[in-house]
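Everything below concerns the one structure shown next.
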Amino acid sequence: MGSLLAYSGTTTKIRAIQSRLLKPRDYEEMAGMKTVSEALSYLKQKPAYRELFQGKDESQLHRNEVENMLVHSIHADFQKIYRFSNVRQRKFLDLYFGRYEIAILKRYMRMMFDHRSIREDLAIFTDFFHRHSKIDLDKVASSRTIEEFVENLKGSIYYEPLKRLANIKSPTLWDYEMSMDLFYFRWFWEKGTEIFSSKSDQRIFEEGYGVKIDLLNMQWIARAKKYYHMESADIYAMTIPVTYRLKKEDIHRMVESASMDELNGAIRKTYYGRKYDFLNVETLDESYVKIRHSVHSRNARNDPYSPAVIISYLYEKEHEIDKLTMALECVRYGLPQNETLKYIMG
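Under full-length UniProt numbering, the first residue of the sequence shown carries the number 1, and numbering increases by one thereafter.
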């Protein structure tokens, strides 16, 4: 009864906005469009995006503007859920918000490394971040060097991990992004496991994000070996220092594998390799989506009055934006409908 009362309002609100998620037929329609303007005009008619594009001429929108607007639709839904959440649920959402902070800080760092102005990218995000973040985005965006950028994050949780990079020679954008990711995953896991009081809620949190972290580690190891031929020591350094179903010996076997065949053998010996027979080096990216969707939807279905309903919706919404962004890119480059659908639907 406690969970029912605690989550009834949140669950009702999420069910309402969940009904506005796009259906497979919508992606089929968009994949058949001839121009991006035509695809945006179609999207503009959908309830979830009508307000977002209100007053906008889709034929005049630039690529970056569209991507920013789509990302901001995630923020809008996050705020709707936040307003209907109780104190404990908001503690979790405050932790989750860190992923949005990191995303925008990465955008700023990329523009800085590319010697582009950051200020023009601020407008659509400012109000949302002022509501939830302690970071002064205007101050951060005015940074002229990466050293100044880091100093302008002083007082935030990201300052210390980024400041430590001053001890290495000529850190790259990759170094900064990886440092933030590794810090955030460890911090999120440690803080998240403290928030939920019931064992059921803790299990849902740990399964939802433990599976994510395990699969990301498998992806990163495979990419490091297949595309970058990195040394073992460097691969160990970039793995997230959290494990759920993966064991230390699993990570060791994967990192130390001498060939792709050996890596596939190591993957098959993991919990995930034994549970999902489709999992291998070539399918890791699509398996990440498939397995996470399966975990979140099952938990939300079995425990609708629990953190599962929040976790599942946020995942589905973010995945929808990824698919929409891919669909628009495919339309932009004139890919046939069937090929576009292969990219966005898996």
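Idealized CB from N, CA, C, for every residue including glycine.
Asked: Report the three-state DSSP secondary structure of Y333 (helix, strand or coil).; Found: coil
Asked: Between the alpha carbons of I81 and I310, how many angstroms are there, rounded?; Found: 8 Å
Asked: For L21, which three-state DSSP category applies?; Found: coil
Asked: Just mark I291 as buried or exposed, buried being the case when its beta carbon has 16 or more other beta carbons within 10 Å.; Found: buried
Asked: In whole angstroms, what is the alpha-carbon distance linking H75 and S142?; Found: 23 Å
Asked: Find the nearest neighbour of D181 within the set S117, L105, E206, judged by alpha-carbon distance.; Found: L105
Asked: Tell me whether the beta-carbon of L21 lies closer than 8 Å to the beta-carbon of E318.; Found: no
Asked: In terms of alpha-carbon separation, which member of K248, R332, S287, I221 lies closest to R63?; Found: R332
Asked: Cβ atoms of F196 and L95: under 8 Å apart, would you say?; Found: no
Asked: Would you report the Cα separation of Y27 and S19, rounded to the nearest angstrom?; Found: 16 Å
Asked: Quick check on DSSP: helix, strand or coil for K275?; Found: helix
Asked: On the CB-based measure, 16 or more other CB atoms within 10 Å of its CB, does K212 come out buried or exposed?; Found: buried
Asked: On a CA-only basis, which of A258, E206, I17, I14 is nearest M230? Give me that one, please.; Found: A258
Asked: Is N299 buried or exposed, if buried means 16 or more other CB atoms sit within 10 Å of its CB?; Found: buried
Asked: What three-state label does DSSP hand F129 in the structure shown?; Found: helix
Asked: Should I135 and S156 be called a contact, given that it needs their Cβ atoms to be closer than 8 Å?; Found: yes
Asked: For a test of the three-state rule: what should DSSP assign to A16, helix, strand or coil?; Found: helix
Asked: In whole angstroms, give me the CA-to-CA distance for S287 and I267.; Found: 12 Å
Asked: When the Cα atoms are used, what is the spatial distance from Y271 to G210?; Found: 13 Å
Asked: How long is the line joining the alpha carbons of L165 and L328, rounded to whole angstroms?; Found: 37 Å
Asked: Of the choices A31, S3, L5, whose alpha-carbon is the least far from that of L324?; Found: A31
Asked: For I321, which option in V87, R301, M69 has the closest C-alpha, if you only look at C-alpha atoms?; Found: M69
Asked: Put F92 into one of helix, strand or coil per three-state DSSP.; Found: helix
Asked: Starting from the Cα of R110, find the closest Cα among T172, N167, E51 and give me that residue.; Found: T172
Asked: Does DSSP classify T145 as helix, strand or coil?; Found: coil
Asked: Rounded C-beta distance between F185 and V242? I'm assuming under 8 Å.; Found: 6 Å
Asked: How is E231 classed by DSSP in three states: helix, strand or coil?; Found: coil
Asked: Using a 10 Å radius around the Cβ and a threshold of 16 neighbouring Cβ atoms, would you call G192 buried or exposed?; Found: buried
Asked: Compute the beta-carbon to beta-carbon distance between Y305 and S8, rounded to the nearest angstrom, for a pair I have assumed lies under 8 Å.; Found: 7 Å
Asked: State yes or no: is the C-beta of L137 within less than 8 Å of the C-beta of V150?; Found: no
Asked: Let me know the secondary structure DSSP gives Q202 once reduced to three states.; Found: helix
Asked: Return yes when the Cβ of Y108 is within less than 8 Å of the Cβ of V140, no when it is not.; Found: yes
Asked: Thinking E160 and S133 are a contact (beta carbons under 8 Å), I'd like their distance in whole angstroms, please.; Found: With 8 Å as the limit, E160 and S133 do not qualify as a contact, their Cβ atoms being about 17 Å apart.
Asked: Since A224 contacts I240 with CB under 8 Å, what's their CB separation in whole angstroms?; Found: Not a contact, Cβ separation roughly 13 Å.
Asked: Which of the three DSSP states, helix, strand or coil, is assigned to D26?; Found: helix
Asked: With DSSP run on the structure shown, which of helix, strand or coil describes H75?; Found: helix
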